[in-house]
Amino acid sequence: MMNLNEYKNNIKDKQFAKQRDVMIIGALIVIVFVLSLRILMVSDRVRTVVVPASVNKTFWVDGDKVSTEYLNQMGVYIAQLMYNVTPASASNRHNLLLSYVSSDAYSALDKELARSDNVIKQTNIATYFTPTSVGASEEHQSVTIKGVFTATQGDKIVQTNQREVAISFKYDGNKLMVSSIKDVQGLQLEKSLVVNPDESTAVDPKSGKKTNQNVDDKPRAVQPAPDAASNSPK
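Here it is as structure tokens:
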């Protein structure tokens, strides 16, 4: 028969075990709480590896920022989509460019590209852009591209000049989007008349209609791209 001392010892052991279990459970709750807070704090800093359009190299995306290398590649891609066009390819390439444009910048750029397409088709102009330097700002998520812009009509070069384009991006958590495209020189398509060297006429980029205008024998400068600027690869 259990004596009184054994009974008291058993009670103490059970109480100790109960207290130990409570302390363990409490510690686990604290650990889970701390880990949950940590996860919430770094949830917007998850690094994702992505592959930019038409490029075989991978780069990182960290929260709402992307790496300098990725900005460089995408900047050149967008610039070439903008400027490397022919009358046959302009609409398709510009539609592809628009798929990378953020919603708040879409409407304005869509109108500019439509006017540019109209001018290119009316004048039978082909353009291309050859980058010579690319500089990205990881802090501002932007890239500035300098290069040579060339416009041709048939086998004639009707314009060649230095062009500098500034492209700003924003990462929406899923895709790097263009928030603005600007020609650093401030060139604007709607302020120029694109001259057709084979005819003494010019085309108004806003209406796409030819205007009667005296022109000399020299081809005039062609400004086929909108005031926001670059064109990208492919």
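Under full-length UniProt numbering, think of the first position of the sequence shown as 1, with each following residue one higher. Just so it is clear, CB atoms sit at the ideal spot from N, CA and C, and this is done for glycine as well. Since this is a predicted model, take the numbers as computed values, not measurements.
Could you check what DSSP says for residue i in three-state terms: helix, strand or coil?
{"i": "isoleucine 25", "result": "helix"}
{"i": "asparagine 161", "result": "strand"}
{"i": "lysine 14", "result": "helix"}
{"i": "tyrosine 100", "result": "coil"}
{"i": "glycine 75", "result": "helix"}
{"i": "aspartate 183", "result": "strand"}
{"i": "lysine 121", "result": "helix"}
{"i": "threonine 68", "result": "helix"}
{"i": "serine 89", "result": "coil"}
{"i": "glutamate 6", "result": "helix"}
{"i": "glutamine 19", "result": "helix"}
{"i": "lysine 175", "result": "coil"}
What residues in its chain sit with their C-beta under 7 Å from that of residue i, if we drop five residues either side in the sequence?
{"i": "asparagine 56", "result": "Confidence at asparagine 56 is low in this model, with a pLDDT of 49, below 50, so the placement of that residue is unreliable and no value is reported for it."}
{"i": "asparagine 89", "result": "Per the sequence shown, residue 89 should be read as serine rather than asparagine. Hits under 7 Å: none found."}
{"i": "glutamate 6", "result": "none"}
With a Cβ-Cβ cutoff of 8 Å, do residue i and residue j count as a contact?
{"i": "residue 293", "j": "serine 133", "result": "Because the chain spans 1 through 234 in this model, residue 293 falls outside it and cannot be assessed."}
{"i": "residue 245", "j": "threonine 144", "result": "The chain is shown only over 1 to 234; residue 245 falls outside these bounds and no answer can be derived."}
{"i": "methionine 23", "j": "serine 102", "result": "no"}
{"i": "glycine 147", "j": "phenylalanine 129", "result": "yes"}
{"i": "glutamate 139", "j": "leucine 71", "result": "no"}
{"i": "isoleucine 125", "j": "glutamine 153", "result": "yes"}
{"i": "valine 66", "j": "tyrosine 171", "result": "yes"}
Could you tell me the distance, in whole angstroms, from the CA atom of residue i to the CA atom of residue j?
{"i": "tyrosine 83", "j": "serine 36", "result": "49 Å"}
{"i": "leucine 28", "j": "asparagine 174", "result": "35 Å"}
{"i": "valine 30", "j": "asparagine 10", "result": "30 Å"}
{"i": "threonine 123", "j": "aspartate 64", "result": "42 Å"}
{"i": "alanine 105", "j": "isoleucine 181", "result": "9 Å"}
{"i": "aspartate 13", "j": "aspartate 21", "result": "12 Å"}
{"i": "leucine 109", "j": "serine 99", "result": "11 Å"}
{"i": "glutamine 19", "j": "phenylalanine 33", "result": "21 Å"}
{"i": "phenylalanine 16", "j": "isoleucine 25", "result": "14 Å"}
{"i": "histidine 94", "j": "glutamate 164", "result": "19 Å"}
{"i": "alanine 114", "j": "serine 91", "result": "8 Å"}
{"i": "aspartate 155", "j": "methionine 74", "result": "31 Å"}
{"i": "serine 179", "j": "arginine 38", "result": "32 Å"}
{"i": "glutamine 80", "j": "aspartate 183", "result": "14 Å"}
{"i": "lysine 206", "j": "serine 107", "result": "Its pLDDT being 43, under 50, lysine 206 is placed unreliably by the model, and nothing is read from it."}
{"i": "residue 235", "j": "proline 87", "result": "The first residue shown for the chain is 1 and the last is 234, placing residue 235 beyond what the model contains."}
{"i": "valine 85", "j": "leucine 97", "result": "12 Å"}
Along the beta strand (DSSP E) that carries residue i, what are the first and last residues, could you check?
{"i": "serine 133", "result": "126 to 137"}
{"i": "alanine 151", "result": "142 to 153"}
CB-CB under 6 Å to residue i, same chain, minus the five flanking residues each way: which ones, in chain order?
{"i": "threonine 68", "result": "Ala136 and Glu138"}
{"i": "glycine 208", "result": "Since pLDDT at glycine 208 reaches only 44, below the 50 mark, its modelled position is unreliable, and the value read off the structure follows with that caveat. These residues qualify, in order along the chain: Asn118 and Gln122."}
{"i": "proline 111", "result": "A small fix is needed here, since residue 111 is lysine in this sequence, not proline. Excluding positions up to five away in sequence, the list is empty."}
{"i": "proline 131", "result": "Val76, Ile145 and Gly147"}
Under 8 Å Cβ to Cβ from residue i, same chain only, skipping five residues before and after it: list those, please.
{"i": "isoleucine 157", "result": "Thr150 and Ala151"}
{"i": "glutamine 162", "result": "Lys146, Gly147, Val148 and Phe149"}
Quick one: does the C-beta of residue i sit closer than 7 Å to a heavy atom of the ligand NAD?
{"i": "valine 32", "result": "This structure lacks the ligand NAD; in fact it carries no ligand of any kind."}
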